[in-house]
Amino acid sequence: MDFFIRLPRSKKEFTLFMGIVSILSVTIIAPLITAFEIGFTMETWKQTLAILPIIWIAVVILVLLVHAPADKLSASIVDKNDSFRSQITINILCNVLLMSIFMTVIGSWIGQRDISLEPIQLFFHKWPRNFAISFAVEALIAQPIARQVLFMLHTKKDVNNSSVSEEPQEK
């Protein structure tokens, strides 16, 4: 039952979860990938910061689009009896797989401020690195932090709800 306390229970909590994960992911992944592409300099970092809002919007839209297909793919890999950690890891893997495929191309277009065939032509050269960076950030940083926030939120709500129901009722 521990898993339920770490997952969004409502649309509002899903929005909070997605907000935390997407903001952490975009602010870490985009600068890292850009730095690997054109070098680790302060100028590179500043240029990346300037386009982060646009990349964040693209990420949020893509998360909403790939969420259902990633869940279906994940469900075809794991069994309902598998551990929470294995289910979450496979779910993250499926989401990152689909997101990284699209963002390898779309992120390049946003970063270069130009729609060209270059990201498609260089896809198989760039995608493995982008996938590895994205998976590491999602699995080790962004999602664990967001799940901990939900855990704390649910723990507080559950304690408040149980203390309210344990108070003596006046007749």
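The opening position of the sequence shown corresponds to residue 5 in our numbering, with each subsequent residue numbered one higher. Even for Gly, the Cβ is constructed at its ideal location relative to N, Cα and C. Note that the coordinates shown come from a computational prediction; the quantities given were computed from them, not determined experimentally.
(message) Alpha carbons only, please: which of 51, 123, 159 and 99 is nearest the one belonging to residue 64?
(response) Here residue 64 refers to the residue found at position 60 when the sequence shown is read from its first residue. Nearest C-alpha to residue 64 among 51, 123, 159 and 99: 99.
(message) Just to confirm, is the Cβ distance from residue 32 to residue 141 under 8 Å?
(response) As a position in the sequence shown, residue 32 is number 28, starting the count at 1. As a position in the sequence shown, residue 141 is number 137, starting the count at 1. Contact flag set, yes.
(request) Please name the residue in 151, 39 and 101 whose C-alpha comes closest to that of residue 49. (result) The count along the sequence shown starts at 1 and reaches residue 49 at position 45. Out of 151, 39 and 101, 39 has the C-alpha closest to the C-alpha of residue 49.
(request) From the DSSP output, in three-state form, read off residue 43 for me. (result) Reading the sequence shown from its first residue, position 39 is the one you call residue 43. Three-state DSSP puts residue 43 in coil, outside helix and strand.
(message) Rounded to whole angstroms, what is the Cα-Cα separation between residue 152 and residue 12?
(response) Residue mapping note: residue 152 aligns to position 148 of the sequence shown, counting from 1. Residue mapping note: residue 12 aligns to position 8 of the sequence shown, counting from 1. For residue 152 and residue 12, the distance between alpha carbons rounds to 11 Å.
(request) Ignore the nearest five residues each way along the sequence and tell me which others in residue 132's own chain have a CB closer than 7 Å to its CB. (result) Numbered from 1 along the sequence shown, position 128 holds the residue referred to as residue 132. The beta carbon of residue 132 sits closer than 7 Å to none of the beta carbons in its chain outside the five residues before and after it.
(message) For residue 124, count the other beta carbons within 10 Å of its own beta carbon; 16 or more makes it buried, fewer makes it exposed. Which is it?
(response) Taking the first residue of the sequence shown as position 1, residue 124 is located at position 120. The residue is exposed, with fewer than 16 neighbouring Cβ atoms inside 10 Å.
(message) Please classify residue 146 as buried or exposed, where buried requires at least 16 neighbouring CB atoms within 10 angstroms.
(response) As a position in the sequence shown, residue 146 is number 142, starting the count at 1. Per the 10 Å Cβ criterion, buried.
(request) With residue 133 as the anchor, note down where its alpha helix (DSSP H) starts and where it stops. (result) Within the sequence shown, the letter at position 129 stands for residue 133. In the DSSP assignment, residue 133 falls within the alpha helix (DSSP H) that extends over 127–141.
(request) Alpha carbon to alpha carbon, how far is residue 44 from residue 36? Give it in angstroms, no decimals. (result) On the sequence shown, position 32 is the one that residue 36 refers to. On the sequence shown, position 40 is the one that residue 44 refers to. In a straight line, the C-alpha of residue 36 is about 9 Å away from that of residue 44.
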